[in-house]
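Residue numbers (this note's numbering): 1 to 451. Each residue gets a CB set at the ideal place from its N, CA and C atoms; glycine is no exception.
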């Protein structure tokens, strides 16, 4: 007989891995849902929503907890801290769950996990929260504007300070608000296997909701499906999960027939496959990544797409490859970054990133750029991109690069839709912002090597 599954215990375990063991939320949650794929869709949805929602609102949840606890959140036992967070999330954001069930289950879970002496504390905090949740006083947006943003949207103050300085207060709030907006999945149609119309027909025949994206004809937003692996168009290699911001990298790279292309930080491989598709069977794309596991995943995607002009291989972009000097017509350098443009999809990023870590990342980015610029032939193209939104990793890196290497920026206007064109795109780069643009936060610059 199968032992019954406690959904809240699963949620708590996932949160402990993410907050205490520094695991990545999207990886742990994906593995957990794979493990429990036999559960009903409703139960799997409860796990996803509880975990993702708790991470999404964690600073706000801590703020609420401290209104009703005589122990600061940072002084609590990690398990109790996460148990209270996920329970307060249910009290505040999950109306379908009775308050009494939330409190009773949390007390039982604390006891089952060996914290019998703290079950009274857990019970007291949660009962008080349930009774007085509507009375919680939040920071005043006029008197404490940054504190207000931090608590309302659960963003660390150091990050907000940087963004307000660069984008202004109103745009910063738009960026923060966007990370709380639920959207469908963006997919790219593989036009070598099916037309956009055929893809849409195949998707809708499965009851999937489809919406065309405003920036690119072959980009679609899909929703109302259970699991991407169950979507026939995905299994047949007709679609690939990829945000439109990532698709724009290959558009801006604009490969010509027969070009030799190198993607130096390629995983999960969407941009490399897109380049191979644009070459229409000609030329060659080499998709490199430092992770053997990610290289295998890329190879699986290549085989599913049935592309013949691309291969995945393991290589460290921070180490110079002498064999590749001046061999590539196009080099894609979508470098490791702070990831602050994709917080909506990976909420834990905003808590794990720090100014010190960001400085360390910039050093790695510049080390990679120093190496990979060597691979661009004279007159060739280097496309630099990140999935983050701060000037430190984007505009300032490009400025540094141009001061040190024989390249110049080239307008990207010929490769993008009218809606995206601006003074900066004419100058060679674009900064996409969540909430401002219909995409993830992303930076893309097109650089031409001098002849």
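Query	Result
Member of 63, 439, 159 and 98 whose CA lies at the smallest distance from the CA of residue 181	439
Residues that residue 241 bridges to, as DSSP identifies them	187
Residue 42, buried or exposed, once every other Cβ within 10 Å from all chains shown has been counted against 16	exposed
Residue 450 (DSSP reduced to helix, strand or coil)	coil
Beta-carbon gap between residue 266 and residue 260 smaller than 7 Å	no
Beta-carbon contacts of residue 53 that lie in its chain and below 7 Å, excluding the five residues immediately before and after	89 and 93
Beta-bridge partners of residue 262, as assigned by DSSP	286 and 331
Neighbourhood of residue 51 by C-beta distance below 7 Å, restricted to the same chain and skipping five residues each side	11, 14, 15 and 29
Buried versus exposed, by CB contacts within 10 Å (16 or more), residue 396	exposed
Residue environment, residue 253, which counts as buried when at least 16 other CB atoms sit within 10 Å	buried
Bounding residues of the alpha helix (DSSP H) (the contiguous stretch that carries residue 376)	Segment 376-386 is the beta strand (DSSP E) holding residue 376; no alpha helix (DSSP H) there.
Any 3 or more C-beta pairs closer than 8 Å across the segment 416-435 and the segment 166-182	yes
Per-residue burial, residue 319 [other beta carbons within 10 Å of its own, 16 or more giving buried]	exposed
Neighbourhood of residue 238 by C-beta, 6 Å cutoff - its chain only, sequence neighbours within 5 removed	190, 193, 194 and 199
Segments of 4+ residues assigned as alpha helix (DSSP H) that fall wholly inside the segment 26-110	41-56, 58-68 and 78-93
Top-ranked residue by Cα proximity to residue 153, from 60, 166 and 225	60
Backbone secondary structure at residue 308 - three-state DSSP	coil
For residue 121, the three-state DSSP class (helix, strand or coil)	helix
Coarse secondary structure for residue 5, derived from DSSP in three states	coil
CB contact flag (residue 341, residue 441, <7 Å)	yes
Distance between residue 310 and residue 390 (C-alpha atoms, nearest Å)	32 Å
Given 8 Å, three or more beta-carbon pairs between the segment 196-216 and the segment 146-160	no
Option in 413, 209 and 371 with minimal Cα separation from residue 401	371
Burial state of residue 255, where buried means 16 or more other Cβ atoms lie within 10 Å	buried
Three-state secondary structure assigned by DSSP to residue 137	coil
Secondary structure, alpha helix (DSSP H): runs of 4+ residues fully inside the segment 310-374	349-352 and 355-372
Buried or exposed (CB count within 10 angstroms, at least 16 for buried), residue 302	buried
With 16 other Cβ atoms within 10 Å as the buried cut-off, status of residue 85	buried
Length of the line joining the Cα atoms of residue 141 and residue 305	50 Å
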